[in-house]
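Residue numbers (our numbering): 495 to 651.
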């Protein structure tokens, strides 16, 4: 979406609707299995243009009760929608009493929307072959063998 007059505002999004939006618009991930909350960005006509789903951290060692993770964002291409949602997700997490919000980008993604929302890089993670192991079999999702960057919302915001 390239309409320069498009104005976005935040809207609540039910989990089913957020999952459906991600299934339609996300480039490489399926919708996550759960969430703590979701937030959307709608245009002046009420059309949902982007969603962010926030849940518990996927990495067990980061799941300390004070940390949440933006597990998915998806947009229909509307400019600045992801930046709006990253900022809103951090404000909402803080309002709920959380002290930390993280997310990941894949290699090849610039992180421009995260930088615009004031997030900072914490670490670069190497690619891994997947999560399958003999004691806990898992199917391939198509995102294996991709390096990632760990980001954190700025504590000062």
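Note that beta-carbon positions come from the ideal geometry of N, C-alpha and C, so glycine has one too.
- Would you report the Cα separation of residue 571 and residue 542, rounded to the nearest angstrom? On the chain shown, residue 571 is found 77 positions in, with the first residue counted as 1. On the chain shown, residue 542 is found 48 positions in, with the first residue counted as 1. Their backbone Cα atoms lie some 11 angstroms apart in a straight line.
- Ignore the nearest five residues each way along the sequence and tell me which others in residue 513's own chain have a CB closer than 7 angstroms to its CB. Position 19 of the chain shown, counted from the start, is the residue given in the question as residue 513. So the qualifying residues of the chain are 525.
- Where do the N-terminal and C-terminal ends of the beta strand (DSSP E) with residue 617 fall, by residue? By one-based count along the chain shown, residue 617 stands at place 123. Its beta strand (DSSP E) spans residues 614-619.
- Spatial neighbours of residue 645 in its chain, beta-carbon cut-off 8 angstroms, leaving aside the 5 residues before and after: Reading the chain shown from its first residue, position 151 is the one you call residue 645. 596, 597, 598, 599, 605, 608, 613, 614, 615 and 616, listed in sequence order.
- Query: residue 608 by DSSP, collapsed to three states: which one?
  - Reply: For the purposes of this step, residue 608 is taken as residue 114 along the chain shown, with counting starting at 1. Looking at residue 608 - three-state DSSP - the assignment turns out to be helix.
- Item | Spatial neighbours of residue 594 in its chain, beta-carbon cut-off 7 angstroms, leaving aside the 5 residues before and after | One-based indexing of the chain shown puts residue 594 at position 100. If we look at residue 594 and ignore the five residues flanking it on each side, its Cβ neighbours are 560, 561 and 646.
- Query: How about residue 550 and residue 528: are their beta carbons less than 9 angstroms apart?
  - Reply: Position 56 of the chain shown, counted from the start, is the residue given in the question as residue 550. Position 34 of the chain shown, counted from the start, is the residue given in the question as residue 528. Going by C-beta atoms, residue 550 is nearer than 9 angstroms to residue 528.
- Query: In three-state DSSP terms, what is residue 642?
  - Reply: For this step, residue 642 is matched to residue 148 along the chain shown. In this structure, residue 642 counts as strand in the three-state DSSP scheme.
- Message: Are the CB atoms of residue 568 and residue 545 within a distance shorter than 9 angstroms?
- Response: Locating residue 545 in the chain shown gives position 51, counting from the first residue. Locating residue 568 in the chain shown gives position 74, counting from the first residue. It is a contact, given that the beta carbons lie within the stated cut-off.
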